[in-house]
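Structure, as structure tokens:
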Amino acid sequence: MPIEPKSFPLEGKVEGFLSERALTEHRDVLYKGYVTQYNTIQAALEKADVSKANPHYSEWGELKRRETWAHNGVLLHELYFENIGGAGTKPGKITEKLINAHFGNLDAFKAQLLGGGKVAPIGWAVWAWSHLDQKSHVYVVEQHQNHTPWLAIPLMILDEFEHAYFLDYATKRPDYLNKFWDNINWDAVEKRAEQWLPASAK
Ligand SMILES: [Fe+2]
Numbered sequence: 003m004p005i006e007p008k009s010f011p012l013e014g015k016v017e018g019f020l021s022e023r024a025l026t027e028h029r030d031v032l033y034k035g036y037v038t039q040y041n042t043i044q045a046a047l048e049k050a051d052v053s054k055a056n057p058h059y060s061e062w063g064e065l066k067r068r069e070t071w072a073h074n075g076v077l078l079h080e081l082y083f084e085n086i087g088g089a090g091t092k093p094g095k096i097t098e099k100l101i102n103a104h105f106g107n108l109d110a111f112k113a114q115l116l117g118g119g120k121v122a123p124i125g126w127a128v129w130a131w132s133h134l135d136q137k138s139h140v141y142v143v144e145q146h147q148n149h150t151p152w153l154a155i156p157l158m159i160l161d162e163f164e165h166a167y168f169l170d171y172a173t174k175r176p177d178y179l180n181k182f183w184d185n186i187n188w189d190a191v192e193k194r195a196e197q198w199l200p201a202s203a204k
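With the sequence shown counted from 1, adding 2 to any position gets you my numbering.
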């Protein structure tokens with residue numbers, strides 16, 4: 003069944019952070035484009051001939067290589083749009099506990115998160131809790147699918163592609179990162195922790 007784009011009203015997400023044009027283009031052209039492409043790829047895979055798969059080129063192979071690009075492109079954008087627009091919110095109880103336990107304090111966590119942003123110019127900084135060591139980490143994900151940890155539960159997502167900020171910040175990427183920090187929706191982050199983390203992590 004095709005997936006549908008979610009709606010993310012601009013209200014509360016742009017003031018003091020992004021222009022309406024930047025977020026509208028991001029949401030209505032880029033994000034919705036990933037939804038369309040994901041559906042296109044899934045439909046094409048139903049018809050592609052897997053018997054022609056090989057290490058070099060085949061229709062099925064190329065579709066498979068792009069499947070996770072589109073899949074994660076949809077999900078990461080949805081999580082990013084959800085966790086911005088929260089100026090004035092504060093880390094919740096579980097969030098604060100995780101940050102203090104795994105990073106020491108909020109300033110140290112900020113340095114890690116924004117550091118992840120600085121080294122992922124074609125990708126994402128992702129704060130996620132990993133089942134591997136029962137700990138949260140800032141991961142650096144390139145494109146949408148490279149260096150993605152498995153069984154890691156995403157708590158906060160920072161879009162670091164130039165399209166996320168260039169209209170408003172041009173080459174001043176540090177300014178975008180700092181404004182992102184000021185506009186994190188900590189309530190959305192806490193909700194994820196409540197809903198998705200195992201009881202032992204809370
Ligand atoms: Fe994006």
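The beta carbon of each residue, even a glycine, is placed where N, CA and C say it ideally should be. These numbers were taken from a predicted model, which means no experiment stands behind them.
Query                                                                                                                                                                                           : Result
Is it true that the CB of W71 sits closer than 8 angstroms to the CB of Q147?                                                                                                                   : yes
In the DSSP assignment, what are the bridge partners of G125?                                                                                                                                   : E144
Should the region 147 to 166 be regarded as contacting the region 70 to 85, the criterion being three or more beta carbon pairs within less than 8 angstroms?                                   : yes
In whole angstroms, what is the alpha-carbon distance linking T173 and A89?                                                                                                                     : 23 angstroms
Check whether the region 20 to 40 and the region 161 to 178 are in contact - that is, three or more C-beta pairs closer than 8 angstroms.                                                       : yes
Look at N187 and T91 and say whether their C-beta atoms are less than 8 angstroms apart.                                                                                                        : yes
For A190, which option in I43, V16, Q39, P93 has the closest C-alpha, if you only look at C-alpha atoms?                                                                                        : P93
Please report the distance separating the alpha-carbon of A113 from that of E196.                                                                                                               : 24 angstroms
Taking a contact to mean a Cβ-Cβ separation below 8 angstroms, would you say E64 touches K8 in this structure?                                                                                  : no
When we look at the beta-carbon of S138 and count the other beta-carbons within 10 Å, is it buried (16 or more) or exposed?                                                                     : buried
Given that a residue counts as buried once 16 or more other Cβ atoms are within 10 Å of its Cβ, and exposed if not, what is K15?                                                                : buried
DSSP on W62, reduced to helix/strand/coil?                                                                                                                                                      : helix
Go through the residues and name those whose CB comes closer than 6 angstroms to any heavy atom of ligand 1, in chain order.                                                                    : H28, L32, H79, D161, F163, H165, A166
Could you tell me the boundaries of the beta strand (DSSP E) in which L157 lies?                                                                                                                : 154 to 161
Which of helix, strand or coil does DSSP assign to I101?                                                                                                                                        : helix
Can you confirm whether the region 34 to 54 touches the region 97 to 104 when touching is taken to mean that 3 or more C-beta pairs between the two stretches lie within less than 8 angstroms? : no
If you follow the alpha helix (DSSP H) that R194 is part of, which residue opens it and which one closes it?                                                                                    : 188 to 198
Name the two residues that bound the continuous alpha helix (DSSP H) containing N107.                                                                                                           : Unbroken run through N107: none, as it is neither H nor E.
For L78, count neighbouring Cβ atoms within 10 angstroms of its own Cβ and tell me buried if that reaches 16, exposed if not.                                                                   : buried
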